[in-house]
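Let me begin by presenting the structure, written as structure tokens, before commenting on it.
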Amino acid sequence: MIIMDKYEKVIELAKRRGFLWPSFEIYGSTAGFWDFGPLGTALKRRIKEIWIDFHVIRGGFYEIETPTMCIEDVFVASGHVNNFADLMVECKKCGEAFKVDSAMEKCPECGGSLGEVCAFNLMFKTSIGPGSKRIGYLRPETAQGMFVDFHRLLRFYRDRLPFGVAQIGKVYRNEISPRQGTLRLREFTIAEVEIFIDPRKTEHPNFEDVKNVVLQLYPAKEQLSDGKTLKLSLKDAVEKGIIKQQFVGYHIAQIQLFLLEIGFSQEKIRFRQHKNDEIAHYAIDCWDAEALTDRFGWIEIVGIANRGDYDLKAHAKHSQNEMTVFVPYDKPITRERMVIKPNMRAIGRKFKDNAAKVTEALRTLSLDQFEEGTIRVGDEVIPLTKDLVKYELVSEEISGERVLPHVIEPSYGIDRIVYVLLEHSFDEEEVEGERRVVLRLPPNIAPIQGVVLPLLSRDGLDKKGRWVERSLRKNGFLVDYDESGTIGRRYRRHDEIGTPFAITIDHQTLDDDTVTIRDRDSMKQIRVLIGDVPSVMGELIAGGVIFEKAGTLI
RNA sequence: GCGGCUAUGGUUUAGUGGUUAUGACAUGAGCUUCCCAAGCUCAGAACCCGGGUUCAAAUCCCGGUAGCCGCACCA
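Quick note: my numbering has the first sequence finishing at residue 637, numbered continuously throughout.
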């Protein structure tokens with residue numbers, strides 16, 4: 084008996100049955116790259132579809148697609164060129180690796196001397212165009228593409244906050260040591276939403292819909308003290324100030340609902356708050372959705388951050404573009420304002436070369452200074468005389484103000500989700516002394532939705548089977564057809580890859596045109612008319628009907 | 001990147017400095033059976049890559065690559 088832990092069992096199954104394969108295998112593979120085989124690709128596609136259903140269709144955020152390669156400016160502005168790098172140094176004596184601290188000379192662990200400093204920027208760098216020296220980077224997140232399009236998005240959403248935009252795509256990070264299957268890759272898929280909100284309005288219009296969702300929370304405070312998680316409704320968590328804003332809370336609930344819908348185990352999901360020392364300097368509140376894995380413990384699969392105005396401010400500055408939103412007041416405000424009109428002719432004559440500085444000083448003059456009757460240019464104090472400026476008090480109507488939005492960002496690691504889903508779905512049980520391996524994936528997530536199995540490959544059963552297969556394919560189901568080996572063996576084959584329903588053609592089919600449908604999880608069977616198979620399958624997969632009631636239970 | 005362990009058919013595994021490299025499961029063909037991995041026959045399919053030592057290397061040595069564990073980082 085070979086003893087494997089769950090990770091090994093899942094990866095072994097994934098490789099053997101065409102979910103996941105190490106990339107470039109015939110050339111020896113390279114860490115951090117995995118191929119999705121036929122079933123893995125189908126599974127991943129279903130996860131992405133549900134994600135889009137959640138965030139784009141139900142959530143109302145449109146999806147966009149921006150290049151995976153970006154020009155240098157994007158990442159200079161975002162800070163990735165300077166900060167998405169680790170300066171590392173190793174102790175020559177004990178081998179411990181440290182992030183470089185300028186004051187550090189000796190190893191803090193053992194006092195040994197340190198080796199040479201090496202920097203890793205985790206971005207892949209390349210050049211754009213033939214002979215061009217224009218630098219390009221493969222993106223390490225999809226977010227920047229969405230920030231860079233802010234001015235277009237704002238117009239698309241007709242100049243109103245809040246609005247959100249979603250993107251699913253490949254991102255690249257030259258990880259130092261990728262391993263652990265698809266939990267840590269150099270090329271991977273993330274699904275991100277950037278929600279732009281008015282920083283003064285952190286309540287969520289649909290908060291009521293999710294306020295009773297119960298979350299397993301692991302706040303920063305508990306991580307530092309007793310290490311216990313709290314089970315709280317979203318409403319309580321926000322009211323107690325554990326989750327700082329309704330808006331973030333709403334999306335934490337959405338993350339949980341999404342994970343449950345695709346088949347995660349509820350008790351294996353928790354939300355961990357970033358502690359002060361790990362939270363990005365610009366972020367206001369950060370949580371990670373973590374999933375419990377058998378070998379690696381709790382691992383991060385979704386991050387949700389309030390990034391504040393960091394990104395928009397950075398791009399506005401670097402690109403010299405306005406990235407604010409005009410937010411109208413409920414009622415326009417009327418106020419009186421002193422309007423100062425410099426007499427350029429007189430100023431020019433009097434101050435000559437310094438005239439520009441004087442007008443600039445006038446332009447930024449405060450009312451207090453104006454009342455003092457002087458302005459300050461450099462070290463000089465200049466009296467404001469009537470020949471230099473004219474002024475008048477005007478009454479003006481202000482209808483709103485410009486606001487730099489804050490960004491709420493849920494960011495899903497799709498490949499990690501694929502692995503965890505396989506692990507959470509993986510089950511073994513004893514059936515009449517035999518080991519049965521079942522992937523208990525929800526029917527609408529399973530890569531193959533049904534398999535058609537003629538009991539025998541003759542007597543016309545095969546012909547009937549082919550007919551059922553075609554009718555299912557015509558109705559949009561991804562199905563398989565299998566007539567090799569005994570019926571039991573074929574059921575087991577499909578249990579192992581999570582096929583939820585098996586349609587069996589038997590001798591009774593020839594008499595009364597009925598077939599059986601077998602439920603993967605219970606192994607129970609119902610009998611339905613051959614012509615009803617597509618509609619019954621549709622209801623079963625959508626979860627609109629209880630299995631035992633979808634036909635005549637055998 | 002550093003340290004430790006490891007590398008044999010699709011998967012898992014045995015093995016030895018020397019003929020044609022085990023077995024199991026899986027896969028394909030056939031027979032038989034026919035509603036939960038039955039049986040029989042047959043078939044295809046492997047020593048991670050490169051260098052060295054040796055008459056001879058899958059085996060010993062060195063280097064690389066990959067995997068697992070730890071450090072670090074993260075979706």
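By construction, the Cβ of each residue, glycine as well, lies at the ideal position given by its N, Cα and C atoms.
If we count the other Cβ atoms within 10 Å of its Cβ and call it buried at 16 or more, is Y574 buried or exposed?
The residue labelled residue 574 in the question sits at position 491 within the first sequence. By the 10 Å Cβ count, Y574 comes out buried.
Given 8 Å as the limit, is there contact between the stretch 410 to 421 and the stretch 473 to 491, that is, 3 or more CB pairs closer than that?
yes
Taking all protein chains shown into account, do 16 or more other C-beta atoms lie within 10 angstroms of the C-beta of A439, making it buried, or fewer, making it exposed?
By 1-based counting over the first sequence, the position of residue 439 is 356. Burial call: exposed.
Taking 8 Å as the limit between beta carbons, can you name the residues of its chain near H234, skipping five residues before and five after?
Your numbering for residue 234 matches position 151 in the first sequence. Answer for H234: N404, E405, M406, listed in chain order.
Run through DSSP, which three-state label would N295 get?
The residue you call residue 295 lines up with position 212 of the first sequence. Coil.
Cβ of V628 within 8 Å of Cβ of I600?
Taking the first sequence and counting its residues from 1, one reaches residue 628 at position 545. Taking the first sequence and counting its residues from 1, one reaches residue 600 at position 517. For V628 and I600, no; Cβs fall outside 8 Å.
Can you tell me which of V616, R541, E512 puts its alpha carbon nearest to the alpha carbon of R553?
Residue numbering aside, residue 553 sits at position 470 when the first sequence is read from its first letter. It is V616 whose Cα lies nearest to the Cα of R553.
Do E512 and V501 have their beta-carbon atoms positioned less than 8 Å apart in this structure?
Reading the first sequence from its first residue, position 418 is the one you call residue 501. Reading the first sequence from its first residue, position 429 is the one you call residue 512. The answer is no: Cβ separation not under 8 Å.
Three-way DSSP call (helix, strand, coil) for A633 in this model:
Mapped onto the first sequence, residue 633 falls at position 550. Reduced to three states, the DSSP call for A633 is coil.
So what's K424 in DSSP terms, helix, strand or just coil?
For the purposes of this step, residue 424 is taken as residue 341 along the first sequence, with counting starting at 1. Strand.
C-alpha gap between A625 and E270, whole angstroms:
Along the first sequence, read from residue 1 onward, the residue named residue 625 stands at position 542. Along the first sequence, read from residue 1 onward, the residue named residue 270 stands at position 187. The straight-line gap from Cα to Cα measures roughly 33 Å.
In or out: E455 buried (at least 16 other Cβ within 10 Å) or exposed?
One-based indexing of the first sequence puts residue 455 at position 372. With fewer than 16 Cβ atoms within 10 Å of its Cβ, E455 is classed as exposed.
If you follow the beta strand (DSSP E) that S316 is part of, which residue opens it and which one closes it?
What you label residue 316 is simply residue 233 of the first sequence in a count that begins at 1. 313 to 316 is the span of the beta strand (DSSP E), which, as asked, contains S316.
Closest by CA to H590, which one among L538, G228, S508, S567?
What you label residue 590 is simply residue 507 of the first sequence in a count that begins at 1. It is L538 whose Cα lies nearest to the Cα of H590.
Please classify S210: is it buried, with 16 or more other beta-carbons within 10 angstroms of its beta-carbon, or exposed?
Locating residue 210 in the first sequence gives position 127, counting from the first residue. So S210 ends up on the exposed side.
For a quick check, are the C-beta atoms of V385 and S494 less than 8 Å apart?
Position 302 of the first sequence, counting from 1, holds the residue named residue 385. Position 411 of the first sequence, counting from 1, holds the residue named residue 494. Their beta carbons are under 8 Å apart, which means V385 touches S494 by this criterion.
With the cut-off set at 8 Å, would you say Y220 and E155 are in Cβ contact?
Here residue 220 refers to the residue found at position 137 of the first sequence. Here residue 155 refers to the residue found at position 72 of the first sequence. Cβ distance < 8 Å, so Y220 and E155 count as in contact.
R541 by DSSP, collapsed to three states: which one?
Translated into the one-based positions of the first sequence, residue 541 becomes position 458. Note: R541 maps to coil in three-state DSSP.
Is DSSP giving I528 helix, strand or coil here?
Within the first sequence, the letter at position 445 stands for residue 528. Reduced to three states, the DSSP call for I528 is coil.
Using a Cβ-Cβ cutoff of less than 6 Å, which residues in the same chain neighbour H489 once the five nearest sequence positions on both sides are dropped?
For the purposes of this step, residue 489 is identified with residue 406 of the first sequence, where counting begins at 1. Taken in chain order, the residues that qualify are I280, P282, G391, D392.
Measuring straight from C-alpha to C-alpha, what distance separates H701 and K216?
Absent from the model: residue 701. The displayed extent of the chain is 84 to 637, so no value can be given.
The stretch 242 to 250 / the stretch 355 to 365 touching (three or more Cβ pairs under 8 Å)
no
Measuring only the C-alpha atoms, how far is A186 from V276?
Reading the first sequence from its first residue, position 103 is the one you call residue 186. Reading the first sequence from its first residue, position 193 is the one you call residue 276. Low local confidence applies: a pLDDT of 46 at A186 is under 50, so the model's placement there is unreliable, and no value is given.
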